[in-house]
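Residue numbers (the working numbering), protein chains in the order written: chain A, 64 to 412; chain B, 64 to 412; chain C, 64 to 412; chain D, 64 to 412. In this text, a Cβ means the ideal position worked out from N, Cα and C, and glycines have one as well. The structure under discussion appears below in the form of structure tokens.
There are 4 protein chains.
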Amino acid sequence: MIIVMNPNAAQSAIDRVSAEIERMGAKPHLSRGTSRTVIGAVGEEAALDQNHLASLDGVEKVVPIMKPYKLASREFHEEDGIVEIGGGNVPKVKIGGTHAMSIAGPCAVEDEAMLNKIARIVRDAGATVLRGGAFKPRTSPYSFQGHGEEALKWMRSCGDELGMPICTEVMDTRQVDLIERYTDAFQIGARNMQNFDLLREVGKTRKPVLLKRGLAATVKDWLLSAEYILSQGNRGVIMCERGIKTFEDSARYSMDITSVPILKQLSHLPVIVDPSHCCGKRDWVPAVACAGMAAGAHGVIIEVHYCPSEAQCDGPQALLPEVFKELMGQLRQIAGIFGKEFADAGTLV
Amino acid sequence: MIIVMNPNAAQSAIDRVSAEIERMGAKPHLSRGTSRTVIGAVGEEAALDQNHLASLDGVEKVVPIMKPYKLASREFHEEDGIVEIGGGNVPKVKIGGTHAMSIAGPCAVEDEAMLNKIARIVRDAGATVLRGGAFKPRTSPYSFQGHGEEALKWMRSCGDELGMPICTEVMDTRQVDLIERYTDAFQIGARNMQNFDLLREVGKTRKPVLLKRGLAATVKDWLLSAEYILSQGNRGVIMCERGIKTFEDSARYSMDITSVPILKQLSHLPVIVDPSHCCGKRDWVPAVACAGMAAGAHGVIIEVHYCPSEAQCDGPQALLPEVFKELMGQLRQIAGIFGKEFADAGTLV
Amino acid sequence: MIIVMNPNAAQSAIDRVSAEIERMGAKPHLSRGTSRTVIGAVGEEAALDQNHLASLDGVEKVVPIMKPYKLASREFHEEDGIVEIGGGNVPKVKIGGTHAMSIAGPCAVEDEAMLNKIARIVRDAGATVLRGGAFKPRTSPYSFQGHGEEALKWMRSCGDELGMPICTEVMDTRQVDLIERYTDAFQIGARNMQNFDLLREVGKTRKPVLLKRGLAATVKDWLLSAEYILSQGNRGVIMCERGIKTFEDSARYSMDITSVPILKQLSHLPVIVDPSHCCGKRDWVPAVACAGMAAGAHGVIIEVHYCPSEAQCDGPQALLPEVFKELMGQLRQIAGIFGKEFADAGTLV
Amino acid sequence: MIIVMNPNAAQSAIDRVSAEIERMGAKPHLSRGTSRTVIGAVGEEAALDQNHLASLDGVEKVVPIMKPYKLASREFHEEDGIVEIGGGNVPKVKIGGTHAMSIAGPCAVEDEAMLNKIARIVRDAGATVLRGGAFKPRTSPYSFQGHGEEALKWMRSCGDELGMPICTEVMDTRQVDLIERYTDAFQIGARNMQNFDLLREVGKTRKPVLLKRGLAATVKDWLLSAEYILSQGNRGVIMCERGIKTFEDSARYSMDITSVPILKQLSHLPVIVDPSHCCGKRDWVPAVACAGMAAGAHGVIIEVHYCPSEAQCDGPQALLPEVFKELMGQLRQIAGIFGKEFADAGTLV
């Protein structure tokens, strides 16, 4: 950690900072420049309290050198991490390293028949994990909020029948136990990325967690949220870039494609992209999905509907079956250019 | 609601949209322009499903005309709303309309002595509501997370002794009952603004809720979150602007000062500003607090510490007692220019 | 254009709006809803003054239906546009439709030898257009500002010798004539995207213009800037997405990858991506370049240096020769998946 | 400057960085931590090439310690700067330190009669400098572009007659000489804040320059643009905060109110706010103007029109005369709270 003093900081202020650094177990190294004194604190950075040092008299700013996360860091875990979803009645799907794949299904589970129909469509096109919302986060209290446990049951039996692991969103700490009984993987939505109690609760389970990036979260914030889960002992975190909030208003959010290589450099955790929620309009979804794979993502999560105008939720962004199928072929080719194998139902059996 | 068709939309697509509008109970009005057909849906907009219409063939975009929130809207409640915090052992403090006030205290409640000391300082300077964190949302799992129920007890007894209502943050649906037993007002933090289950739970209580704006939330999103609380029957919502996430990195967040007059035009709900979390550095807090009052806010929430370098949380942004006192005088004068009365302990007795 | 009236707008205000619409040559269509009157103006939207209508009493908002640009619009020009760079002493390179290619070279032209060396490297790897800065826009007045006309001469003779068209930045209306004498294509930098006088001046020439997107420009703003050039009779506009300014600070800017399919839907103009300036760090450049091609771009513009630590400008983002060569192979493969032919020096001869 | 090495940087890489620091005339100070080596470069930071160091092998990041601007810095000029506008036929108006004031007038100068009428209105309400656009930057090439030199003549004769200095926008290097002959102060618009040639040209004159902040410019970028002007010998720079581009779309831009105290801490240059362009809608302009003064600004620039619906440009944001007059009274009272004197025509005579 580096402490930059004000140009006019008194010697007593410099001494105080040095003393505090020693008190915290590190060693201060002073560099007196022409106009400023800079103090390096050498030692275990985690033991240093950045806020405390920034609050001392005469301090202009404090610059941390180490990353604030550990378990999520590639420095801690040099090899690519590989997460497995599934097991038991359904095959295990690998994600990470050279293992790429896709998660697909409807936005919300509206009824059992539509779920089964869409699940077959996406499996036949090559998706290996089934998604579907049982509890839906909606910006308006007057919108459809999901079918809850009933939808979880439909998901489970559909996944078992088709041999697809399932993934569904958890929104509230009180739902964790219930959802854990049914699902193969939890999804944490963008708006809950810093719902720290929820992160801790899913961290206590041993089911993989798909952690969507918050709309205003930096890559660092996002990795710190992963750290919450990892620190509880759950190592199955999959990062999901789904667009950030910017001034551009043509699409709902702006896919931060550069975050894919940045995340892979900083962390060993697998990363996928969600073009559906980012775009909000199906026309642009295939292009953004392909961009994600070409940027190095380990997969995509995509919403599909055979009749989007009947969807109770986010119909405008759902891909039609034939477009999804064509896209899967393109994703497989792109993965191949970069030495990744793109899983499909056939690969798993 | 207005449906703009593609330039080359077929007549059958136009007919389908019109039929759907009628099916939902509204009347379609067609305007055929030189290059596009535009269909107005006249009737109860709440009954119209925007997503459904946007998903139909040939539709370029759907433009809603009505606001998506009702109870939070000034159209629904023309007079300024006035919320009361307190009652029982402590006086009631009014906020809204011509009633302005300040909420102050430490960021986190670290121990009982420091809480009592800071509470006296802020009350003597003119603050009427005491803030303090018992459960702390922290971006890192390794940071201090608050003293929980013990801190709530200290808060309650301190508030009762000094005659100050108290306000503290709730982060998890499972904490609502516990916190309700102690506090006079709930605070919902920025990162939980779209934790919809939490909004619903505090909406079921009858204690006022200070709803901080999310870091990536538009004013519309923020009012929809207020609507979640209001729709459960709790009418005591106070909006708190605390800065949004932008590219500017000198301060932690950018205080969106324009949101104050915009919110007051759209809604009857009282609005305050939080300059402490927005700035992240005490040097700029008084200027931003004064800006908030001059923009028409009904008050401020400010963190104060007698020795910020000892604070366990957010020390760099805590105001020193003498600076807070001077600021309170300035805020009172600014409130006076705009015909508002700024409450202090004397006014309440 | 649609005019939404306030809920309590007087009949006289509605009449005034209708009269103004008629005065401007369009027809007003009234829809009286339960709480609001909405007036559609049917006719030539370009003839309607949105600001004027928005200023009238009782108007809540004005919603335009048509795009504000014409010549840049796909409605005006349905087929993909194809722009040619070069001619005379150098071959012509096509860009747009199924024609993809890459522009590469140093950030700034530092001396003739380094330019010649880098030009050979990028040509041998498959780049077809040579880039290089003679006049450099720098945020600090104390940074290297470019070698001016001398650098233009080196560029011209290098391009002629290697058979590569050249592209260089113009920053000031007073430089247009000078640069036109040397270059095959103009580049307008992000900070000048709304330097309207400059847009008009390059619009008067008949050399292609690479128009970089401004850091705070929406896709609509960007197309309106293209319209400035097109409206002067120059149809050779190539759009270049180079990242927008957002809160994320790992990379210098955030590549808005979704803008690629959006732009292609709205406009016939070719679009390329600039991963070098967006990333600011070479580690992430190949991933973002590949993402751009996979999203549908017609090419990339990339900075290359054989010894980045000696570069006088933007060394950290320059690709090393062997990385650039590998990347070109990947881009060619991605282009192939989407039916595009990726030009190289061999193709042109 | 501080150079943070990668965790696994070789000794040879560390030696190379040290040698380069010495070659540039500074001294390297090594701190070897548990996982990283950090090298401080002590000496004249301006002599160090950050990009060069960042490009060397094994370097993770380079952290500058000094500000990149000098003449714009409060470290260089500790006292508040005071800029004078006017002289010759018109009185001089001071801005900066305890001198506050307002600039007002129409957006565009549409004809001589309207200019004279509005000038009288704003002068009688207390404005001391007259604004008005002769050359207008418009996002669409089809919008009204201003009356050019004729408008400058009307401005000059109106200012002379009423005893008001005038201020008008310059957009192109080729206009500098012409505008200098007429105006008392130049205005550089937000879209030209990084038009570096233009900054240099107005820097060569000795007329004050109102420098609006760019839509995507950090406070640091903005000060570097001021440095361009100052470095040419023109010390009369007035900074104007006019809102930045964010995701919030109710207002046109988001007034970054915190930038006012930040700028005053970093620089001695006077700062004013422009609520008209930021809001884009007159309803919110007075609140934002008052916020600016309460945050410590030295004044405001505001658009006024007696009949906004007839304005050829930005009518929706123009204040009505009686609202402007009331606002001026409020601004004067707020200035008084903070010990500033708010100039009016009477004060100047």
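### Query
How many Å lie between B:His340 and B:Ala352 at the Cα?
One C-alpha to the other measures close to 11 Å.
### Message
For a test of your reading of the model: does the CB of A:Asp247 fall under 8 Å from any non-hydrogen atom of the ligand ADP? Yes or no.
### Response
By its list of ligands, the structure shown contains no ligand whatsoever, and the ligand ADP lies outside what it can speak to.
#### Entry: Interface positions of the region 351-366 of chain B facing chain D (Cβ-Cβ less than 8 Å), listed along the chain
Flagged, chain order: Val351, Cys353, Ala354, Gly355, Met356, Ala357, Ala358, Gly359.
### Message
Determine whether the beta carbon atoms of D:Val122 and D:Ala182 lie at a separation below 9 Å.
### Response
Going by C-beta atoms, D:Val122 is not nearer than 9 Å to D:Ala182.
### Task
Answer with buried or exposed for A:Gln438, where buried requires no fewer than 16 other C-beta atoms within 10 angstroms of its C-beta.
With chain A covering 64 to 412 only, the question about residue 438 of chain A has no answer from this structure.
### Message
Could you check whether the Cβ of B:Val67 sits closer than 9 Å to any Cβ belonging to chain C?
### Response
Interface residue, yes.
### Query
What is the rounded straight-line gap between the Cα of A:Ser136 and the Cα of B:Phe207?
C-alpha of A:Ser136 to C-alpha of B:Phe207: approximately 21 Å in a straight line.
### Task
Give the interface partners of D:Ala109 over in chain C, defined as CB-CB distance under 9 Å, in chain order.
Among the residues of chain C, those whose CB is under 9 Å from the CB of D:Ala109 are Tyr205, following chain order.
### Task
Quick one: grab the DSSP three-state call for B:Glu147.
Strand.
### Query
In the region 281-305 of chain A, which residues sit with their C-beta less than 7 Å from some C-beta in chain B, listed in chain order?
Taking 7 Å as the Cβ-Cβ cut-off against chain B, the residues of the region 281-305 of chain A that qualify are Asp284, Leu287, Glu290, Tyr291, Ser294.
### Query
Does DSSP put A:Gly277 in a helix, in a strand, or in coil?
Reduced to three states, the DSSP call for A:Gly277 is coil.
#### Entry: Cβ-Cβ distance between D:Pro114 and C:Cys376 below 9 Å
Checking the displayed sequence, the identity of residue 114 of chain D turns out to be Asn instead of Pro. For D:Asn114 and C:Cys376, yes; Cβs fall inside 9 Å.
### Query
What separation, rounded to the nearest whole angstrom, lies between the Cα atoms of A:Ala248 and C:Leu116?
Taking C-alpha positions only, A:Ala248 is separated from C:Leu116 by approximately 53 Å.
### Task
Leaving aside the five residues before and after C:Ala82 along the sequence, list all residues of the same chain whose C-beta is less than 6 Å from its C-beta, in chain order.
Nothing meets the Cβ criterion.
### Message
Tell me which residues share the same chain as D:Asp120 and place their Cβ nearer than 6 Å to its Cβ, disregarding the 5 neighbours each side in the sequence.
### Response
These residues qualify, in order along the chain: Ala76.
### Message
Can you confirm whether B:Cys221, when its beta carbon is compared against all beta carbons of chain A, has any partner nearer than 9 Å?
### Response
Cβ-Cβ to chain A under 9 Å: no for B:Cys221.
#### Entry: Same chain, Cβ closer than 6 Å to B:Val126, neighbours up to 5 away in sequence not counted
Counting only Cβ-Cβ distances below 6 Å, and skipping sequence neighbours, we find Ile65.
### Task
Verify whether the separation of the beta carbon atoms of C:Ser322 and C:Glu304 is less than 9 Å.
Yes.
### Query
Quick one, which residues of the region 305-322 of chain D are near chain E if we go by CB-CB under 9 Å, in chain order?
Although the question refers to chain E, the structure presented lacks it and instead comprises the protein chains A, B, C and D.
### Query
Are there three or more Cβ pairs, one per stretch, closer than 8 Å when the region 165-177 of chain D is compared with the region 356-373 of chain D?
A contact exists between the region 165-177 of chain D and the region 356-373 of chain D.
#### Entry: Pair within 9 Å by beta-carbon distance, D:Thr161 and D:Ala408
D:Thr161 places its beta carbon 9 Å or farther from that of D:Ala408.
### Task
Answer with yes or no whether the minimum CB distance from D:Gln74 to chain B is below 9 Å.
Put simply, the CB of D:Gln74 is far from chain B, with every gap to its CB atoms at 9 Å or more.
#### Entry: Residues that DSSP places opposite B:Asp319 in a beta bridge
Its beta-bridge partners are D:Asp319.
#### Entry: Residue-level contact to chain B via CB, D:Ala89, 9 Å cutoff
It does not; no Cβ of chain B falls within 9 Å.
### Query
Do the region 392-408 of chain C and the region 145-162 of chain C touch if we need at least three Cβ pairs shorter than 8 Å?
By the C-beta criterion, the region 392-408 of chain C is judged to be in contact with the region 145-162 of chain C, since at least 3 inter-stretch pairs fall below 8 Å.
#### Entry: Alpha-carbon to alpha-carbon, B:Pro204 and C:Met129
Their Cα atoms are separated by approximately 50 Å.
### Message
Helix, strand or coil, according to DSSP, for C:Pro91 in the structure here?
### Response
Correct three-state label for C:Pro91: strand.
### Message
Do C:Thr246 and C:Lys270 have their beta-carbon atoms positioned less than 9 Å apart in this structure?
### Response
Yes.
### Message
So, for A:Lys133: in the same chain, excluding its five sequence neighbours on each side, which residues have a beta-carbon less than 6 Å away from its beta-carbon?
### Response
Cβ within range, chain order: Phe139.
#### Entry: Three-state secondary structure assigned by DSSP to C:Arg269
In this structure, DSSP gives C:Arg269 a state outside helix and strand, which the three-state scheme calls coil.
### Local conformation of A:Pro169 per DSSP, three classes
Secondary structure at A:Pro169: coil, using DSSP grouped into helix, strand and coil.
### Message
Taking the beta strand (DSSP E) that A:Pro70 belongs to, which residues open and close that run?
### Response
Counting along the chain, A:Pro70 sits inside no beta strand (DSSP E), nor does DSSP assign it H or E at all.
### Task
Spell out the partners DSSP gives B:Leu193 in its beta bridges.
Bridge partners of B:Leu193 according to DSSP: B:Ala167, B:Ile229.
### Task
Rounded to whole angstroms, what's the CA-CA distance from C:Gly144 to D:Leu332? Just pull it up for me.
Rounded to whole angstroms, C:Gly144 to D:Leu332 spans 49 Å at the Cα level.
### Query
Beta-carbon of A:Gly277 versus every beta-carbon of chain B: anything under 9 Å?
Closer than 9 Å: yes.
#### Entry: Same chain only: Cβ atoms within 7 Å of A:Arg369, ignoring 5 sequence neighbours per side
The identity of residue 369 of chain A in the sequence shown is Tyr, whereas the question assumes Arg. Excluding sequence neighbours, A:Tyr369 sits near Lys180, Ile181, Ile184, Pro384.
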